[in-house]
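Protein chains in written order, with the numbering used here: chain A, 19 to 314; chain B, 157 to 396. Reviewing the structure listed below.
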């Protein structure tokens with residue numbers, strides 16, 4: 019005849035009997051904190067305070083970065099060439115490896131049961147996008163394709179073929195879409211945008227040089243033909259040697275088939291609406307001209 | 157649009173996972189550390205999702221600062237439409253801003269539409285431009301390749317011609333040399349000593365030789381003609 023075990027047991031006893039937690043009872047894990055170096059104090063930090071002996075080093079008068087004492091510096095000696103022209107104006111895409119994506123999903127920072135968007139990735143602090151540094155979004159890189167095992171509906175700005183194959187192999191859906199710089203700034207920081215009180219703008223179409231990329235079914239572009247995308251999925255499955263799982267029979271089919279409209283920035287919000295955070299209200303325009311403009 | 161269907165859900169679920177905004181915490185009072193939500197997926201497995209602590213929204217709803225528009229002392233930038241929008245964004249209807257002013261007026265909208273028409277052409281136009289450009293490029297490339305192919309086809313003939321010309325030039329050169337040597341020898345025989353080919357005597361001698369050659373040729377021609385006439389007369393005589 020066994021006694022019914024009290025649920026909780028020793029842990030519950032401890033919780034009931036130990037004193038309350040205060041700052042006096044807490045201590046960091048050994049190895050968590052390191053003592054900071056204090057300059058100008060003590061036998062080792064004092065005297066010259068780690069600055070060296072006399073000269074420009076100690077007096078803080080060293081010349082600018084890159085100066086080589088009068089010799090033509092490296093950054094001036096190397097001649098310019100055409101293939102570097104306009105390099106600072108080229109669009110950049112922050113890489114996101116499948117390894118990191120799997121890490122984020124495993125830790126629960128990204129929810130695979132909802133469509134994964136750039137907003138979700140930035141909320142999870144998975145990537146850091148700087149739209150002012152000519153970043154145009156995130157690109158999916160196929161490092162970690164062999165260990166990737168998550169069924170997700172993901173939307174990125176660029177994706178390599180291997181990454182597309184890895185996601186579709188696991189029964190997921192991938193789309194590449196374009197965000198112009200203003201929309202990108204809104205997507206990565208939605209709350210500061212809502213505090214500005216502006217209506218949600220419509221997403222602009224990509225420029226002529228990027229239209230071929232986004233109308234191509236091979237890249238799963240958001241402007242491409244859905245039938246061609248289906249054919250491309252089959253072709254890719256044949257190329258990489260896996261059986262394409264049928265997502266229409268999936269229980270999460272509705273979630274996987276959720277896709278944004280071409281002019282939409284957020285799921286569930288359409289252009290022209292004003293979102294107010296203080297009163298938790300959404301305001302919509304009623305003027306026909308405005309409606310026509312925002313729905314074009 | 158898909159947005160209209162989920163609009164009502166979105167508003168009621170505004171406190172929970174916000175699709176467009178940050179993932180708001182499930183436990184509303186806790187502000188320290190990363191918070192987690194327990195979402196139940198459709199398959200019934202309990203998934204734990206973490207989310208970062210959202211930055212505290214300092215809305216200041218109790219004493220909102222709304223500047224006096226009529227006073228002289230308020231700075232200019234606080235009387236602009238942009239500042240009004242920000243006030244509305246922070247305080248909502250308590251800011252006393254007419255929500256209709258948040259959207260562009262008709263004139264501003266016209267300007268925006270004109271700008272968009274000029275700088276952002278629709279997808280069809282862009283696709284057409286791309287097609288036209290590509291077609292031009294392919295045509296240029298094909299024309300170039302055709303030209304190259306045609307020229308390459310001509311190459312064997314051109315090589316043969318060139319070789320033949322070279323050979324002929326060589327032969328002519330050799331003949332010229334032989335002729336000059338012969339003339340020199342002739343002159344030597346006539347005058348008894350080596351004579352410079354550039355002098356007047358040599359030239360006179362050359363002229364004489366040429367004359368004699370011409371006379372000989374004329375005689376030869378006449379004889380040939382007579383023979384031919386004789387040949388034509390006799391067959392006609394025999395045939396008739």
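We put the beta carbon where it would ideally sit given N, CA and C, even for glycine. These figures come from a predicted structure and were not determined experimentally.
Proximity below 7 Å, CB of residue i to CB of residue j
i                      : j                      : result
residue 220 of chain A : residue 152 of chain A : no
residue 259 of chain B : residue 308 of chain A : yes
residue 224 of chain A : residue 232 of chain A : yes
residue 217 of chain A : residue 156 of chain A : no
residue 145 of chain A : residue 94 of chain A  : no
residue 109 of chain A : residue 154 of chain A : yes
residue 164 of chain A : residue 178 of chain A : no
residue 294 of chain A : residue 248 of chain B : yes
residue 251 of chain B : residue 222 of chain B : yes
residue 203 of chain A : residue 245 of chain B : no
residue 111 of chain A : residue 175 of chain A : yes
residue 68 of chain A  : residue 204 of chain B : no
residue 192 of chain A : residue 185 of chain A : yes
residue 80 of chain A  : residue 74 of chain A  : yes
residue 235 of chain A : residue 242 of chain A : yes
residue 61 of chain A  : residue 70 of chain A  : no
residue 282 of chain B : residue 229 of chain A : yes
residue 134 of chain A : residue 96 of chain A  : no
residue 145 of chain B : residue 296 of chain A : With chain B represented from 157 up to 396, any question about residue 145 of chain B goes unanswered, as that position is not in the structure.
residue 343 of chain B : residue 361 of chain B : yes
residue 262 of chain A : residue 277 of chain A : no
Beta strand (DSSP E) segment containing residue i, residue limits
i                      : result
residue 300 of chain A : 299-301
residue 269 of chain B : Element bounds for residue 269 of chain B: not the beta strand (DSSP E) but the alpha helix (DSSP H), 262-275.
residue 292 of chain A : 292-294
One or two residues paired with residue i in a DSSP bridge
i                      : result
residue 113 of chain A : A/157
residue 340 of chain B : Paired residues: none, contrary to the question.
residue 146 of chain A : Note: residue 146 of chain A sits in no beta bridge, so no partner.
residue 191 of chain A : A/171
residue 89 of chain A  : A/86, A/87
residue 64 of chain A  : DSSP lists no partner for residue 64 of chain A.
residue 284 of chain A : A/287
residue 335 of chain A : Shown here, chain A extends from 19 to 314; a query on residue 335 of chain A therefore has no answer.
residue 222 of chain B : Residue 222 of chain B pairs with nothing; no bridge assigned.
residue 239 of chain A : A/194
Among the options, nearest to residue i - alpha-carbon criterion
i                      : options                    : result
residue 213 of chain B : A/212, A/32, A/194         : A/212
residue 335 of chain B : B/346, B/353, B/348, B/347 : B/353
residue 106 of chain A : A/310, A/66, A/50, A/150   : A/150
residue 208 of chain B : A/167, A/138, A/36         : A/138
residue 272 of chain A : A/132, A/92, A/99          : A/132
residue 310 of chain A : A/296, A/298, A/300, A/288 : A/288
residue 188 of chain A : A/91, A/25, A/148, A/274   : A/274
residue 12 of chain A  : A/28, A/104, A/173         : The structure shown does not extend to residue 12 of chain A, since chain A is modelled only from 19 to 314, so the question has no answer here.
residue 194 of chain A : A/84, A/181, A/126         : A/181
residue 271 of chain B : A/222, A/205, A/206, A/82  : A/222
residue 210 of chain B : A/24, A/140, A/37          : A/140
Span of the alpha helix (DSSP H) around residue i
i                      : result
residue 306 of chain A : 306-313
residue 203 of chain A : 199-206
residue 239 of chain B : 237-247
residue 247 of chain A : 244-258
residue 141 of chain A : 136-141
residue 216 of chain A : Neither: residue 216 of chain A is in no alpha helix (DSSP H) and is coded neither H nor E.
residue 54 of chain A  : Here residue 54 of chain A belongs to no alpha helix (DSSP H), and DSSP marks it neither H nor E.
residue 28 of chain A  : 28-35
residue 105 of chain A : It is not in any alpha helix (DSSP H) - residue 105 of chain A carries neither H nor E in the DSSP assignment.
residue 230 of chain A : 229-232
residue 73 of chain A  : 73-77
residue 272 of chain A : 271-274
Within chain E, the residues that residue i reaches when beta carbons sit closer than 7 Å
i                     : result
residue 46 of chain A : Absent from the structure is chain E; the protein chains it does hold are A and B.
Positions along the region 238-267 of chain B whose CB lies within less than 7 Å of some CB in chain A = 241, 242, 244, 245, 246, 247, 248, 249, 255, 258, 259, 262, 265
Taking only beta carbons into account, state which residues of the region 143-177 of chain A come closer than 7 Å to chain B, listed in chain order.
-> 143
Near-chain A residues of the region 297-311 of chain B (beta-carbon distance less than 7 Å), N- to C-terminal order = none
Note down, in chain order, all residues in the region 186-218 of chain A with a beta-carbon under 8 Å from any beta-carbon belonging to chain B.
-> 208, 209, 212, 213, 214, 215, 216, 217
Contact set between the region 265-294 of chain B and chain A, restricted to residues whose Cβ is under 8 Å from the partner | 265, 268, 269, 276, 278, 279, 282, 283, 285, 286
Can you give me, in chain order, the residues of the region 200-228 of chain B that have a beta carbon less than 7 Å from any beta carbon in chain A?
-> 203, 204, 205, 206, 207, 208, 213, 215, 217
When you check each C-beta in the region 123-135 of chain A against every C-beta of chain B, which residues fall closer than 9 Å?
-> 125, 126, 127, 128, 129, 130, 131, 132, 133, 135
Cβ-based contacts, 8 Å cut-off: residues of the region 236-255 of chain A near chain B | 241
Residues of the region 298-311 of chain A with Cβ closer than 8 Å to any Cβ of chain B, in chain order = 298, 299, 300, 301, 303, 305, 307, 308, 311
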